[in-house]
Structure formats: C-alpha cells, structure tokens
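Numbering (the working numbering), first residue to last: 109 to 301.
Beta carbons: idealized from backbone N, C-alpha and C, even for Gly.
Taking it in order: structure first as structure tokens, then the write-up.
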C-alpha cells in the first residue's frame, strides 16, 4: 500500500468519526480531479461544479459503505462517473459546451502566443467533440487519455472487464476522431461556399 493510499484511508477513518478537518482535507486533495472528470464529461463549468459538489455529498453520505480494500480515489471516481452518467441521461438534449471556460482545464502553456492560440483552439475542438461521443466511450477516453488512469483503475471505476475498457477506449478514440474530422470537413466546406 502506498503512503498516499494509506493517508486517504486514514482520512476516511477520521471522517467516519466526524472529523471535519479530515473531510476538508479529502475534498482539497481530490476536488480538482473530480471536477476535471465532471467537466470533461459534461462540457460546462457550472454543471461540473454542481456535479462535483454532488459527488462529494454522495461520498460523504456513503463513507460508511466504503470498502477499505479499494483505493479511495478509484471509489471516488466511480461515484463521480455514475453521477455524470445519471446527469447525462437526465439532460441528453441539453448538450452545452462552455468553450469560453474550457481553457483552464489542462490548457497547454508555453511557447509563442501563436502556438498557445493553436493549442487552445485544438483544446476547444476536442472538448466540443467529446460531448458528441456516446457516454460509455466518452467516459473511457476521458479516464484514460485526459485523467491518466490505468486500464486496471478504469476497470475498477467503471465495473467492466479490462478487455471491455480497452475496446471502449479504442472505439471512443475512433468516434472522437470521426467527430473531429466531420467538423473539420464541415468547416472546410463552409469556407469554400
């Protein structure tokens, strides 16, 4: 067990004893990663903030059911994933991409102003395309390519076998590429017209 995992488990134990400082430490430690997952999934800063808050409320209410054999971040991200999917299913027709606010999520830094602008534009295109990818494939791509989780961790978060995880990541990348190529082609045709 890593020191970080041991620390998370100790914080959870303290939370179970109603230690408010421990709860605040858990939130500070994991808030950004939960927010990023929610944002990558829904594409809206306001919705991502609401979902992040909902995730931590749900986790707080379920701490007594936490299995200490599981890594806390894996369990936390599984809760976040489930809430994101629930939200998506309830709001399918309201696909909103907050492009203006997307730059603070893993926005590339460094280089010339032109290079930064090009990277930011590519970043925006990817975010807007991600919301058009089906939810299970989008979640797999976000967890692997944006959040950096291993196949094993994604399997634990999503509750599907590693082979399915790999398949979803591959299919998700292909679907994302199709969306991006389709948008590029549509823009090109619009320019020629």
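(request) Give a yes or no on whether the C-beta atoms belonging to residue 244 and residue 276 are separated by under 8 Å. (result) Yes, Cβ-Cβ distance for residue 244 and residue 276 is below 8 Å.
(message) Less than 7 Å separating the Cβ of residue 265 from some heavy atom of the ligand NAD?
(response) The ligand NAD is not part of this structure, which contains no ligands at all.
(request) Round the Cβ separation of residue 227 and residue 238 to the nearest angstrom and send it over; I've been treating them as touching at under 8 Å. (result) Actually they are not in contact, since the Cβ atoms of residue 227 and residue 238 sit about 16 Å apart, beyond 8 Å.
(request) Would you mind stating whether residue 160 and residue 187 have Cβ atoms separated by less than 8 Å? (result) Note that the C-beta distance between residue 160 and residue 187 is not below 8 Å.
(request) Give the secondary structure of residue 203 by DSSP, where H, G and I count as helix, E and B as strand, and everything else as coil. (result) Reliability fails at residue 203, whose pLDDT of 48 lies under 50, so the model's placement of it is uncertain and the value that follows must be treated cautiously. Looking at residue 203 - three-state DSSP - the assignment turns out to be coil, as it is neither helix nor strand.
(message) Beta-carbon within less than 7 Å of residue 269's beta-carbon, same chain only, minus the 5 sequence neighbours each way: which residues are those?
(response) Hits under 7 Å: 263.
(request) Within the same chain, show all residues whose beta-carbon is closer than 8 Å to that of residue 288, passing over the 5 residues directly before and after it, in chain order. (result) Excluding five sequence positions before and after residue 288, the CB atoms of its chain that fall closer than 8 Å to its own CB belong to 233, 234 and 237, given in chain order.
(request) Count the other C-beta atoms from every protein chain shown that fall within 10 angstroms of the C-beta of residue 126, then say buried if there are 16 or more, exposed otherwise. (result) Classified as exposed, residue 126 has fewer than 16 neighbouring CB atoms from the shown chains inside 10 Å of its CB.
(message) Out of 153, 138, 285 and 144, which one is the CA nearest neighbour of residue 240?
(response) If you compare the alpha carbons of 153, 138, 285 and 144 with that of residue 240, the shortest gap goes to 285.
(message) By alpha-carbon positions, which one of 257, 249 and 122 ends up nearest to residue 181?
(response) When only C-alpha atoms are compared, the closest one is 257.
(request) Using the Cα positions of residue 157 and residue 259, report the straight-line distance between them to the nearest angstrom. (result) Approximately 27 Å between the Cα atoms of the pair.
(message) Am I right that residue 134 and residue 146 are in contact with their C-beta atoms under 8 Å? What's the rounded C-beta distance?
(response) About 17 Å; that fails the 8 Å criterion.
(message) Quick check: the Cα distance between residue 189 and residue 177, rounded to an integer number of angstroms?
(response) Computed Cα separation, rounded: 20 Å.
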